[in-house]
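Novice:
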Amino acid sequence: MGSAFGSEEKPRKSFKDWLNELSKSDPARHKRIMQGDEGVRTVDGRTVIYAGKKSNVHAAAVVGDTVGDPFKDTSGPALNIVMKLMAIISVVFADFFMSINHGNGASHSGNLIF
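Under the working numbering, the first residue of the sequence shown carries the number 1, and numbering increases by one thereafter.
Here it is as structure tokens:
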């Protein structure tokens with residue numbers, strides 16, 4: 001059955017499902033792909049080489065993730081504290097800043113008269 005825009009697109013299989021079917025239909029090719037000896041063509045024409053858990057690529061990804069996670073986990077809370085500190089300082093010292101130069105501030109930017 002066609003759609004309003006022409007022929008319907010078939011639903012794509014996931015890579016995991018495709019590999020599972022390949023292991024049953026062509027075990028030798030499945031083994032070559034899993035060992036990284038043969039590439040897999042993607043939908044847009046690129047060739048991708050699968051790197052298993054014992055490959056150098058996987059080891060590098062694990063190291064990168066291990067090194068990157070602590071930075072991610074510590075920078076967010078640190079910035080949160082800095083933002084809260086700046087907000088508190090501005091509220092606490094607002095009266096002082098407004099008192100400089102009769103409410104016009106240090107740069108004479110306002111025209112407040114008390």
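C-beta atoms are modelled at their ideal positions from N, C-alpha and C, and glycine is treated no differently.
1) Classify Val-43 as helix, strand or coil using the three-state DSSP reduction.
2) Short check: CB of Gly-52 to CB of Gly-64, under 8 Å?
3) Can you tell me whether Ile-33 is buried or exposed, with buried defined as 16 or more other CB within 10 angstroms of its CB?
4) Can you have a look at Met-1 and say buried or exposed, based on whether 16 or more other CB atoms are within 10 angstroms of its CB?
5) Could you tell me how far apart the beta carbons of Val-117 and Val-57 are, in whole angstroms, since I believe they sit closer than 8 Å?
Specialist: In short, the structure shows the following:
1) coil
2) no
3) buried
4) Residue placement at Met-1 is poorly supported in this model, since its pLDDT is 47, which falls under 50; the coordinates still yield a value, given next. The residue is exposed, with fewer than 16 neighbouring Cβ atoms inside 10 Å.
5) This structure cannot settle anything about residue 117, because the visible part of the chain is limited to 1 through 114.
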